[in-house]
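So in numbering that gives the first Met the number 0, spot 187 of the sequence shown is number 186, and the numbers just go up one at a time.
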Amino acid sequence: MKVLFIGDVVGSAGREAVRRMLPALKQKHQPDFVLVNAENAAGGKGLTEALARDFYSWGADGLTMGNHTWDNKDIFQFIDSESRLVRPANFPPGTPGQGMMVLKKRGKSLAVINVQGRTFLPPLDCPFRTMDALLEQLGTETRCVFVDFHAEATSEKIAMGWYLDGRASVVVGTHTHVQTHDERVLPGGTAYVTDVGMCGSHEGVLGMEREAVMHRFLTGLPARFTADEGPWQFHAVLTEIDDATGRAGSIQLIRKREDEFIYE
Numbered sequence: 000m001k002v003l004f005i006g007d008v009v010g011s012a013g014r015e016a017v018r019r020m021l022p023a024l025k026q027k028h029q030p031d032f033v034l035v036n037a038e039n040a041a042g043g044k045g046l047t048e049a050l051a052r053d054f055y056s057w058g059a060d061g062l063t064m065g066n067h068t069w070d071n072k073d074i075f076q077f078i079d080s081e082s083r084l085v086r087p088a089n090f091p092p093g094t095p096g097q098g099m100m101v102l103k104k105r106g107k108s109l110a111v112i113n114v115q116g117r118t119f120l121p122p123l124d125c126p127f128r129t130m131d132a133l134l135e136q137l138g139t140e141t142r143c144v145f146v147d148f149h150a151e152a153t154s155e156k157i158a159m160g161w162y163l164d165g166r167a168s169v170v171v172g173t174h175t176h177v178q179t180h181d182e183r184v185l186p187g188g189t190a191y192v193t194d195v196g197m198c199g200s201h202e203g204v205l206g207m208e209r210e211a212v213m214h215r216f217l218t219g220l221p222a223r224f225t226a227d228e229g230p231w232q233f234h235a236v237l238t239e240i241d242d243a244t245g246r247a248g249s250i251q252l253i254r255k256r257e258d259e260f261i262y263e
């Protein structure tokens, strides 16, 4: 199967990038599943039900989240009833939502898991032991497992890739918004990249207006960050997985800017 995963979508510029890029990518690559990290979709912080519906209408099959899951209060109105959405699985027991889902379409089955790192982020349960428990819970329901590891430290992401090599089909990093060019298939058959990148303004700082970010660095004072609305960039990865074995065959980076976009 082919899985297209779209990196952190930041604000209106990021949403516009997805809206414009996704139809062409689906036509070109014919992915079986499309996944989107949507934790920054609502003005850079959180997700609303209306925006989730937009992503589905544009062609997404499932959404993943991260440390900004709870930043928009609207999430509490629909997260428990939305089967196509996962938030970090290592939040404490009893937290609304789910950390793992199994998507099924045209006879294919894909488990999607979201976990969050602990280095330089708020403390949660151990993501490594959480993965052990989820894979045991999944059992033999499907061999194809896609993991969105939402983490700050590159070392923690790389360690997770090796930890899951041969047990997950794909491990991609999100959260840092900068696409890394270390994509590869590990010896055990797990496709890996440290960070997929982001969809949002390429004239801001990680998708936010650059003036406020520079002010904070220069003064050390608090500043209100607002999603930048400048020209967009689009980052994603396309992976191929053997349905029978769950081993990945390839991982391909996708990177596009608004001024490079051509309607076909």
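Glycine residues also receive a C-beta, built at the ideal position from the N, C-alpha and C atoms. Just so you know, these numbers come straight off a predicted model, no measurement behind them.
Secondary structure at arginine 246: coil, using DSSP grouped into helix, strand and coil.
Taking C-beta separations shorter than 8 Å and ignoring five residues to either side along the sequence, the partners of valine 177 in its chain run Asp194, Gly196, Met197, Leu205, following chain order. Using a 10 angstroms sphere on the CB of glutamine 29, the tally of other CB atoms stays under 16, which defines it as exposed. Under the DSSP definition of a beta bridge, lysine 1 partners with Glu239. In this structure, aspartate 164 keeps its C-beta atom at 9 Å or more from the C-beta atom of threonine 141. Taking each of Lys156, Glu239, Ser168 in turn and checking the Cα distance to threonine 179, the smallest one comes out for Lys156.
With respect to the C-alpha of serine 80, the residue from Val8, Gln97, Ser154 having the closest C-alpha is Gln97. The alpha-carbon of alanine 152 is positioned some 9 Å away from that of arginine 117. Taking 8 Å as the upper bound for CB-CB distance, leucine 102 and threonine 63 are not in contact here, some 12 Å apart. Taking a cut-off of 8 Å for Cβ pairs, the segment 212-226 and the segment 51-60 do not touch, as fewer than three such pairs fall below it.
Under the rule that a run must span 4 or more residues, the alpha helix (DSSP H) segments found entirely inside the segment 161-234 read 209-218.
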